Each structure stands twice: as structure tokens, then as C-alpha cells.
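Its first residue numbered 29, the sequence shown is counted upward by one per residue in my numbering.
Report on the structure given below.
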Amino acid sequence: MTTQTLLPDSIKKQRRVDRYSVKPLTETLTNGFFTVDRNWTVKYWNNSAEELLGVNAADIIEKNIWEVFAAVIPIDFYRVYQNAFLQNMPVHFKEYWGEKGGWFDVVTFHCNDLLSVSFKSSNKPHAQYPEDSGERLKVLTELYKFITEITDDCLWEWELSKKEIFWIDGGHQRILGYPIKNTLIPQSFWEDCIHPDDLMRVLAKLDKTFSAGSDFWEDDYRFKKSNGEYAFVHDRGHIIYADDKPDRMIGATRDITKQVLLEKKLEAERATRQKEIIHSVLEAQENERIEIGKELHDNVNQVLAATKMFIEMAKKNPEKRVLYLDKSSDMISTLIEGIRAITKRFILPSIEFIGLFDNIQYLVDDLLLVHPLIIDFKKTNIKDSELNEKLQTNIYRIVQEQINNILKHSKATHAHIVLSKKLKVLTLIISDNGVGCNCNPLKTPNGVGIINIKNRVELCNGNIEIVSNPGKGYSLKVRIPLNNTKKLNQVNL
Numbered sequence: 029m030t031t032q033t034l035l036p037d038s039i040k041k042q043r044r045v046d047r048y049s050v051k052p053l054t055e056t057l058t059n060g061f062f063t064v065d066r067n068w069t070v071k072y073w074n075n076s077a078e079e080l081l082g083v084n085a086a087d088i089i090e091k092n093i094w095e096v097f098a099a100v101i102p103i104d105f106y107r108v109y110q111n112a113f114l115q116n117m118p119v120h121f122k123e124y125w126g127e128k129g130g131w132f133d134v135v136t137f138h139c140n141d142l143l144s145v146s147f148k149s150s151n152k153p154h155a156q157y158p159e160d161s162g163e164r165l166k167v168l169t170e171l172y173k174f175i176t177e178i179t180d181d182c183l184w185e186w187e188l189s190k191k192e193i194f195w196i197d198g199g200h201q202r203i204l205g206y207p208i209k210n211t212l213i214p215q216s217f218w219e220d221c222i223h224p225d226d227l228m229r230v231l232a233k234l235d236k237t238f239s240a241g242s243d244f245w246e247d248d249y250r251f252k253k254s255n256g257e258y259a260f261v262h263d264r265g266h267i268i269y270a271d272d273k274p275d276r277m278i279g280a281t282r283d284i285t286k287q288v289l290l291e292k293k294l295e296a297e298r299a300t301r302q303k304e305i306i307h308s309v310l311e312a313q314e315n316e317r318i319e320i321g322k323e324l325h326d327n328v329n330q331v332l333a334a335t336k337m338f339i340e341m342a343k344k345n346p347e348k349r350v351l352y353l354d355k356s357s358d359m360i361s362t363l364i365e366g367i368r369a370i371t372k373r374f375i376l377p378s379i380e381f382i383g384l385f386d387n388i389q390y391l392v393d394d395l396l397l398v399h400p401l402i403i404d405f406k407k408t409n410i411k412d413s414e415l416n417e418k419l420q421t422n423i424y425r426i427v428q429e430q431i432n433n434i435l436k437h438s439k440a441t442h443a444h445i446v447l448s449k450k451l452k453v454l455t456l457i458i459s460d461n462g463v464g465c466n467c468n469p470l471k472t473p474n475g476v477g478i479i480n481i482k483n484r485v486e487l488c489n490g491n492i493e494i495v496s497n498p499g500k501g502y503s504l505k506v507r508i509p510l511n512n513t514k515k516l517n518q519v520n521l
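So, in C-alpha cells, the structure goes:
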């Protein structure tokens with residue numbers, strides 16, 4: 029059952045008046061036009077084809093074109109049409125058709141598995157196209173009218189010497205809200221509508237364009253709409269010269285407000301993102317300085333103080349000198365290990381000689397000596413040689429950062445690090461069985477550690493995925509396309 033909406037007679041009548049009254053474009057062309065499929069079955073045949081070739085559409089549609097024209101169509105037609113099916117570029121050729129008594133100018137092009145053929149004959153004009161110039165102008169004007177009603181451009185013609193602009197059709201009404209259609213406006217009105225901050229720049233560029241003798245002018249500026257708001261517009265025009273002086277300009281104004289506002293929004297988001305990155309880096313640096321200060325004060329200074337005390341005692345007690353010196357030596361060894369542990373957080377062992385996988389394993393082994401956390405490291409289907417040095421460094425820092433997060437926040441007893449490769453995509457998964465958290469995939473991570481990881485992943489053209497729930501652990505998955513990481517060699521990390 030279908031439902032019909034009843035409209036008042038006045039609206040029905042208005043719709044009939046506004047309906048496009050001229051024939052379809054293919055029926056007003058001087059060209060014959062038809063389409064065939066790969067079996068040479070005719071799918072479309074316009075009125076011009078009927079007139080030029082003497083075959084009605086009803087007698088040929090859904091029939092083989094070569095069977096209809098058997099023994100009369102030139103063999104070269106078939107050869108060119110066959111080749112046209114094998115390429116996507118249009119083919120243009122001219123051929124004399126004796127049976128039709130004239131030359132045929134033909135263009136063929138292949139699209140959507142159909143061959144379209146447009147042609148015209150030298151000896152037989154299209155009977156239905158108006159020969160009278162006035163009638164042809166009427167058809168073209170009617171077609172132009174409907175085109176201007178659907179375009180997003182505001183069309184205009186500018187008489188430069190008279191300082192008058194003709195706003196064509198209804199573009200300025202539809203787009204900018206001015207109740208003006210096919211009307212002359214003074215140039216001063218146009219200038220008054222330009223934003224004051226843009227006016228002098230726009231006029232200066234116009235003068236520069238005219239002075240240079242250029243054929244085209246274009247500019248972006250803000251233009252006041254009828255409601256007082258400003259729209260961002262892109263204006264461009266073709267300049268017509270008379271006696272080497274600019275006489276007229278024909279052009280179009282396009283509303284680009286949505287595009288400009290979107291660009292500004294993206295620019296603001298990039299600026300905000302950059303500030304977040306800078307804040308995260310500075311906060312991370314400050315935290316590292318605090319940790320180093322605590323380490324130096326609580327451990328290194330105390331060990332040095334104790335070592336100094338034992339050395340002084342060795343000086344005063346010759347009989348226990350060896351004992352005190354041995355104690356001092358042990359403390360110095362402890363101090364060396366402590367300093368090595370501090371510097372190891374900042375200085376990565378040479379990737380070139382050791383490799384990423386060995387560095388990760390050394391990191392895991394060192395942590396196992398001082399932490400109860402059990403960490404498993406596994407790699408699958410990947411070699412060090414497949415990753416450039418910068419990428420290896422980035423991956424190591426991501427692993428180091430996430431393990432540090434696990435040690436600080438997760439209360440986990442077991443963690444896993446898995447590196448694998450599939451279809452030129454590197455996947456890194458770091459998971460733990462800790463306390464987890466409420467993870468909203470739509471919310472941007474705001475922890476310093478995870479922001480640092482996200483920044484490194486984005487630098488590698490990759491993406492991250494976090495899966496976590498309270499009491500159910502935490503999983504960080506990183507995917508990096510290996511074919512886009514060569515550029516990283518040019519980036520200082």
C-alpha cells in the first residue's frame with residue numbers, strides 16, 4: 029500500500045511551471061548517441077541517431093548492432109569499436125560511410141562495461157535541433173537558468189568602467205540571503221559588504237592583477253550576508269580587456285565558510301595538541317629530575333658518606349685498615365651499580381651492536397633482579413634487521429615507558445611483552461594482570477606516560493588500542509605499518 033501526500037492546487041500548478049521544459053540534453057545535440065554492451069547489444073539510441081542513421085530506436089534497442097547493419101557498415105568501424113572496449117581513454121576517429129553518403133566524425137569511450145558512441149554526419153544536420161539562432165538561444169538560456177539554480181556559486185558580471193556589478197540569477201539570494209536577482213548593484217555596495225579588515229587587501233590585489241595584465245583574478249575574503257553575519261567566500265573572475273585596459277570581468281563567488289571553519293577548528297586542535305605534548309614533555313622531564321635528585325640524595329650521597337667514614341676509620345685504626353678498606357670497596361661497587369641503574373634509564377645501549385630484542389631482554393632481566401614482577405618477552409616472525417634504528421629506539425622507549433607504568437600503578441604480579449609482524453604491520457602488545465582501570469576508548473589518555481607513548485606511536489604513523497577494566501588487568505596494543513617507517517631515519521627522536 030502506498031501513501032500519497034495531497035498538495036494544494038496552487039503548489040501543483042507552481043511545480044508544473046517550474047519544471048524543466050526543454051528536451052533532455054542528449055535529445056538536443058546535433059550528435060547521434062548510442063550505447064552498446066560487450067555483446068554489441070544496443071542499450072540506448074537517441075533521436076539524432078534515428079535521424080542520422082535512419083533506424084528507429086524501437087527497431088534496434090536490445091538487438092546486435094552489427095546484425096542490423098550487416099554488409100553496409102565499414103569494417104574500420106568495427107575495428108575501432110572493438111579496440112575502444114580494451115582501453116579507458118576516449119577514441120576519436122573519422123570514417124567515410126559510403127552507404128550513408130558522407131563522412132562521420134565519431135568519439136567512443138568505455139565506462140561501466142558499456143561502450144558509448146557519439147557521432148555526427150557531414151551531410152545531414154540534426155532535424156530536431158532549432159536552426160533558427162533565436163530558438164537555439166532560447167534552449168540554451170532555459171538550460172542555463174536551471175544550471176544556475178542548482179550551483180553553489182553566486183554568478184556575476186562586473187562593468188569595471190561603470191563600477192557596476194550585475195548579480196546574475198538567484199545565487200546571491202540563495203547563498204547570501206540578499207533579495208536580488210538579475211539586478212545591477214553599485215561597486216560601492218560590494219565594497220561595503222567586504223569585511224573592513226579584508227577590504228584594502230582585496231582592492232590592492234585587484235589593482236595588482238589589472239596592472240599585470242592577468243586574465244584571471246581570485247581571492248578569499250569575508251563578505252557580509254543579509255543577516256549581518258560574515259561568510260568566508262572564494263571569489264574568482266575572468267578579465268576581459270578592451271584596448272589593453274580591463275573592461276569587464278565575469279566570475280563566481282563561492283561560500284567556503286564550512287571549509288574555513290573546519291580548517292580553523294583543526295588548526296586549533298593541532299595547537300591544543302601541541303601544547304599538551306609540550307606540557308607532557310616538560311612534566312616528564314621534571315619528574316625525571318625529581319627522581320634523579322631523590323636517587324642522588326637518598327642513595328648515592330649516603331653511600332659516599334659511609335665510604336668516606338670507613339676510609340677515615342681505616343686511617344685511624346691500622347689494625348682494622350684492611351677491613352675498613354674492604355667495606356669501602358664494597359660500597360663503591362654498590363655506588364657504581366646505583367649510578368649505572370640511573371643512567372640506564374636515559375642512555376639506551378647501542379641498537380646498532382646489540383639490537384632491539386636483546387635490549388628489551390636486558391631490560392626485563394634487570395627488572396627481575398630488583399622487582400617481584402614476572403615479565404615474559406616473546407617475539408614472533410620478526411627480525412632486528414627489518415626495523416630501522418629510529419624505529420627500534422621508539423619501540424624500546426615505548427616498552428620502557430609502559431613497564432614503568434606497570435611498576436608504578438598496576439600492582440600486577442605478571443606482565444607480557446609480545447612483538448610480532450603480519451602483512452607488513454608491526455604489533456606490540458604489553459599486558460598485565462593488575463588492578464586495571466575504567467578505560468573509555470573515546471577519551472584521550474591524559475597520563476604523562478601514556479601520552480608519551482601515544483606521541484611516539486603517532487610519529488611512526490601507527491595507532492594504539494587500550495583495553496582495561498577494573499580488576500581485570502591492562503592491555504596496550506600498538507600497530508605500526510613498516511612500509512611508512514623509513515621516513516623516521518630523517519627525524520631526530
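Ideal Cβ positions, reconstructed from N, Cα and C, are used throughout, including at glycine.
For clarity, every value in this text was computed on a predicted model and none was experimentally measured.
Residue burial is scored here from C-beta neighbours: S146 has at least 16 other C-beta atoms within 10 angstroms and is therefore classed as buried. Here I193 is not near I208, since their CB atoms are 8 Å or more apart.
For secondary structure counted as the beta strand (DSSP E) over 3 or more consecutive residues, the region 199-282 holds these complete runs in sequence order: 211-214, 244-252 and 258-270. Beta-bridge pairing by DSSP links N92 to T69. Cβ neighbours of A342 within its own chain (closer than 6 Å, five residues either side excluded): R349, Y352 and L353. DSSP places S146 in the uninterrupted beta strand (DSSP E) bounded by L142 to S149.
By the criterion of at least three beta-carbon pairs nearer than 8 Å, the region 410-424 is not in contact with the region 436-445. By the Cβ neighbour-count rule, I88 is buried, with 16 or more other Cβ atoms within 10 Å of its own. According to DSSP, residue pairing for V119 in a beta bridge involves T136.
Given a length threshold of 3 residues, each whole run of the beta strand (DSSP E) inside the region 373-456 is given here in chain order: 402-408 and 442-450.
About 56 Å separates the Cβ atoms of S149 and L227, ruling out a contact at the 8 Å cut-off. When the five nearest sequence neighbours on each side are left out, the beta carbons in the same chain lying within less than 6 Å of the beta carbon of V134 are those of F121 and F147, in order along the chain. Under DSSP, K505 takes part in a beta bridge, and its partners are I457 and E493. Distance from A85 to W73 at the Cβ level is roughly 4 Å; contact confirmed, criterion being Cβ atoms closer than 8 Å. Counting the other CB atoms within 10 Å of its CB gives F244 a total below 16, which places it among the exposed residues.
The closest CA to that of N92, considering only V119, I445 and T63, is found on T63. Secondary structure note for E78: its alpha helix (DSSP H) is the uninterrupted segment N75 to L81. Contact between T281 and W186 is ruled out by a C-beta separation of about 11 Å, above the 8 Å threshold.
In this structure, DSSP gives D358 a helical state, which the three-state scheme calls helix.
The beta carbon of R425 is closer than 7 Å to those of R484 in its chain, skipping five residues each way along the sequence.
DSSP, reduced to helix, strand and coil, places I320 within a helical segment of the structure shown. With 16 or more other Cβ atoms from the protein chains shown falling within 10 Å of its own Cβ, Y249 counts as buried. For L332, the enclosing alpha helix (DSSP H) starts and ends at N329 to K344. Put simply, the backbone Cα of E257 is about 11 Å away from that of G205. For E187, the enclosing beta strand (DSSP E) begins and ends at D181 to E187. For the pair K336 and G366, the Cα-to-Cα distance works out to about 17 Å. Nearest C-alpha to D271 among A232, S189 and I364: S189. For L396, same chain residues with a beta-carbon under 8 Å away, outside a window of 5 residues either side, are I402 and I403 in chain order. It is roughly 11 Å from the alpha-carbon of A334 to the alpha-carbon of S357. Counting C-beta atoms within 10 angstroms of its own C-beta, D283 has 16 or more neighbours from the protein chains shown and is therefore classed as buried.
The beta carbon of I479 is closer than 8 Å to those of E304, I305, S308 and P473 in its chain, skipping five residues each way along the sequence.
Counting along the chain, G60 sits inside the beta strand (DSSP E) bounded by residues G60 to V64. Here the alpha carbons of A296 and D263 stand approximately 26 Å from one another. One Cα belongs to F385, the other to T285, and the distance between them is close to 52 Å.
A direct Cα-to-Cα measurement between H200 and E123 gives close to 48 Å.
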